[in-house]
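Engineer: Just so we're aligned: the sequence shown equals residues 48 to 418 in this note's numbering.
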Amino acid sequence: MNKKLRTCICFALLTLLIAASACSDNKVQPSTEPIMPIVEPTDAPSTQAPLTPTPTPVLFYSNTTGLGYEGQPQYHPITVMIENSAEARPQTGLMQADIVYEMPVEGGITRFLCLFNDTLPVEVGPVRSARIYFLHTQKEWDSAMVHYGGPSDEGFPSYIYGEEMEYIKLRVDGIKGKWDSYFWRSEDRKAPHNVYTDLTKIAELYDYTPEFRNQLRFDANLDTSAGMDYSMISLSFQTNEKTHTQFKYDPATNRLLRYVSQKEFMTNTVTLDANGQKQTITEQVSCQNLIIQHTKVYVIQGDKSGRRMAEMTGSGECEFFIGGKFFTGTWKRDSLNSATEYRLSDGSLLTLLPGNTWIAIQPTNGTVTIE
48 MNKKLRTCIC FALLTLLIAA SACSDNKVQP STEPIMPIVE PTDAPSTQAP LTPTPTPVLF
108 YSNTTGLGYE GQPQYHPITV MIENSAEARP QTGLMQADIV YEMPVEGGIT RFLCLFNDTL
168 PVEVGPVRSA RIYFLHTQKE WDSAMVHYGG PSDEGFPSYI YGEEMEYIKL RVDGIKGKWD
228 SYFWRSEDRK APHNVYTDLT KIAELYDYTP EFRNQLRFDA NLDTSAGMDY SMISLSFQTN
288 EKTHTQFKYD PATNRLLRYV SQKEFMTNTV TLDANGQKQT ITEQVSCQNL IIQHTKVYVI
348 QGDKSGRRMA EMTGSGECEF FIGGKFFTGT WKRDSLNSAT EYRLSDGSLL TLLPGNTWIA
408 IQPTNGTVTI E
């Protein structure tokens, strides 16, 4: 092979090697990045346990307050006579009462008949003597009756003992020696303004089933828009002071705050702490509902002590204050064996908001001012 031919062959081989090298440099190199798989959504069931809805507790409603309780409240009402003279203030237990009846007594003052059922305070007082018309009111509830004596002049209309009062099935009268252990006297006040009792102990004496009565109606969703606005009520009861007792509406709480002689009317509330020790708070008396019941009240003829009589049967006019609205209406009680019926001026039965109720027995010749 001559020199010229060898040169041509070498040049051709060199050209092929260069072309092959160029093709090798243009190849796509495999990626070093990891390939993430695409996960398609599936309808596979969740392994999380389904949430169990919290059961709504069944509520039982009190017939003395209309408040709801998870357990059915026992109907064992206890009525207590509580004093309201200046020497008795502040009283204890007024804000734990379901219903308070306030009625005139002799001496130009009032006295309270407090009905307890939903809450039984460990301290209530000062306990004072009863009057016949308070017992006529107690009969409406078939309640246990707690008091400290009362008029014992047999033959007078004010007499609180005898056969006519035997309908009281449980009567705890502190003036009778057999009940001494259920009362005590505090050392910070003088007699007779210092007698107290424990209603949890009184409740243990219950040995009968009281007649259950739905005397008051309640509705938490009550529409009071048809009522009239007010800001304050003043009652004279049997005094010459037109603003003797006042209730002022408090929009912040939707309750009525009580005043006497234009001063806040306070009460003590005693409860037991976790160690069973008594603890006391002092607060202004207030109520959710106020009923003013106009009733004939007069001095009993021939009564040397000037005792009154309030006619708790018959009929008359009423004012009803429910939250921030007031309505007019009537009351009616056919006999002492029946309950008082309250109706609005349109004839419909009265319905109240759940909570405590104050019933003021206002003499028909007294003064009520609504502002």
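Here a beta-carbon is modelled for each residue, glycine too, at the ideal position from N, C-alpha and C. This structure is a prediction, so every number in the text was calculated from the model and none was measured.
By a C-beta neighbour count over all protein chains shown, 10 Å radius and 16 as the cutoff for buried, is R302 buried or exposed?
Structural biologist: Per the 10 Å Cβ criterion, buried.
Engineer: State yes or no: is the C-beta of A440 within less than 7 angstroms of the C-beta of I406?
Structural biologist: The requested residue 440 does not occur in the structure, where the chain is confined to residues 48 to 418.
Engineer: If you run the structure through DSSP and keep just helix, strand and coil, what is K427?
Structural biologist: This structure leaves residue 427 out entirely; the chain is present only between 48 and 418.
Engineer: According to DSSP, is G155 part of a helix, a strand, or is it coil?
Structural biologist: Looking at G155 - three-state DSSP - the assignment turns out to be coil, as it is neither helix nor strand.
Engineer: Quick check on D227: does DSSP put it in helix, strand or coil?
Structural biologist: Residue state, collapsed to three classes: helix.
Engineer: For S78, does the three-state DSSP call read helix, strand or coil?
Structural biologist: Only weak support exists for where S78 lies, its pLDDT of 44 falling under 50; the value from the coordinates is given anyway. If DSSP states are grouped into helix, strand and coil, S78 belongs with coil.
Engineer: What residues match up with I146 in a beta bridge as DSSP calls it?
Structural biologist: Answer is L162, T404, bridged to I146.
Engineer: Quickly, what does DSSP pair Q138 with across the bridge? List them, please.
Structural biologist: Note: Q138 sits in a beta bridge opposite T314.
Engineer: Would you call the region 143 to 162 and the region 213 to 233 touching, i.e. three or more CB-CB distances under 8 angstroms?
Structural biologist: Contact between the region 143 to 162 and the region 213 to 233 is absent, because fewer than three Cβ pairs lie under 8 angstroms.
Engineer: How close, in whole Å, do the beta carbons of T375 and S395 come, if the pair is a contact with beta carbons under 8 angstroms?
Structural biologist: The pair is not a contact, with the Cβ atoms about 12 angstroms apart (cut-off 8 angstroms).
Engineer: The beta strand (DSSP E) that contains H341, what's its start and end?
Structural biologist: Note, H341: beta strand (DSSP E), 336 to 342.
Engineer: Among the residues of its own chain, which have a CB less than 7 angstroms from the CB of Y180, if the five just before and after it don't count?
Structural biologist: Within the same chain, Y180 has close Cβ partners M150, M356, A357, M359.
Engineer: Measuring alpha carbon to alpha carbon, tell me which residue in I338, V152, P137 is nearest G353.
Structural biologist: Nearest of I338, V152, P137 to G353, Cα basis: V152.
Engineer: Return yes when the Cβ of P257 is within less than 7 angstroms of the Cβ of D189, no when it is not.
Structural biologist: The answer is yes: Cβ separation under 7 angstroms.
Engineer: Measuring CA to CA, which of E134, N164, T300 is closest to P173?
Structural biologist: P173 has its Cα closest to that of E134, out of E134, N164, T300.
Engineer: So, at 6 angstroms on beta carbons, what are the nonlocal neighbours of I328 in its own chain, with the 5 sequence-adjacent residues on each side left out?
Structural biologist: Excluding sequence neighbours, I328 sits near T316.
Engineer: What does DSSP give as the partner residues of R390 in its beta bridges?
Structural biologist: Per DSSP, T377, L396.
Engineer: So what does DSSP say about K351, is it helix, strand or coil?
Structural biologist: Correct three-state label for K351: coil.
Engineer: In whole angstroms, give me the CA-to-CA distance for R390 and N336.
Structural biologist: Going by the C-alpha atoms only, they are around 15 angstroms apart.
Engineer: Write down the C-beta distance between S283 and Y296 rounded to the nearest angstrom, noting that I regard them as a contact closer than 8 angstroms.
Structural biologist: About 19 angstroms; that fails the 8 angstroms criterion.
Engineer: Beta strand (DSSP E) containing H194: first to last residue?
Structural biologist: Unbroken beta strand (DSSP E) run through H194: 191 to 194.
Engineer: Whose CA, out of G371, N110, T404, lies closest to the CA of G274?
Structural biologist: Checking every option, the nearest Cα to that of G274 belongs to G371.
Engineer: Y345: buried (16+ other C-beta within 10 angstroms of its C-beta) or exposed?
Structural biologist: Exposed, since its Cβ has fewer than 16 Cβ neighbours within 10 Å.
Engineer: Is the distance from the Cβ of I280 to the Cβ of F294 below 7 angstroms?
Structural biologist: Going by C-beta atoms, I280 is nearer than 7 angstroms to F294.
Engineer: Taking all protein chains shown into account, do 16 or more other C-beta atoms lie within 10 angstroms of the C-beta of G402, making it buried, or fewer, making it exposed?
Structural biologist: Answer is buried; the Cβ neighbour count reaches 16.
Engineer: Going straight from the alpha carbon of L182 to that of T404, what length do you get?
Structural biologist: Roughly 19 angstroms separates the two Cα atoms.
Engineer: What does the Cβ neighbour count give for L400, buried or exposed, with the cut at 16 atoms within 10 Å?
Structural biologist: That one is buried.
Engineer: Starting from the C-beta of N241, find all residues in its chain whose C-beta is less than 7 angstroms away, skip the five residues before and the five after it, and write them out in chain order.
Structural biologist: P173, R232, S233, listed in sequence order.
Engineer: Quick test of the definition: if touching needs 3 or more C-beta pairs under 8 angstroms, does the region 161 to 170 touch the region 236 to 254?
Structural biologist: Output reads yes: the region 236 to 254 touches the region 161 to 170.
Engineer: Go ahead and pull the three-state DSSP assignment for Y181.
Structural biologist: For clarity, residue 181 is Phe in the given sequence; the question names Tyr instead. Three-state result, F181: helix.
Engineer: Using 8 angstroms for Cβ pairs, my map puts E187 next to A386. What's the rounded Cβ distance?
Structural biologist: Going by Cβ atoms, the distance from E187 to A386 rounds to 5 angstroms, so yes, they are a contact pair.
Engineer: Checking the sheet assignment: what are the DSSP bridge partners for P298?
Structural biologist: BP columns for P298 are empty, so no partner.
Engineer: Since I338 contacts T271 with CB under 8 angstroms, what's their CB separation in whole angstroms?
Structural biologist: Not confirmed; about 14 angstroms, so no contact.
Engineer: Just to confirm, are E130 and R175 a CB contact at a threshold of 7 angstroms?
Structural biologist: Closer than 7 angstroms, so yes.
Engineer: By the DSSP assignment, the alpha helix (DSSP H) with T247 in it spans what residues?
Structural biologist: Where T247 is concerned, the enclosing alpha helix (DSSP H) stretches over 246 to 250.
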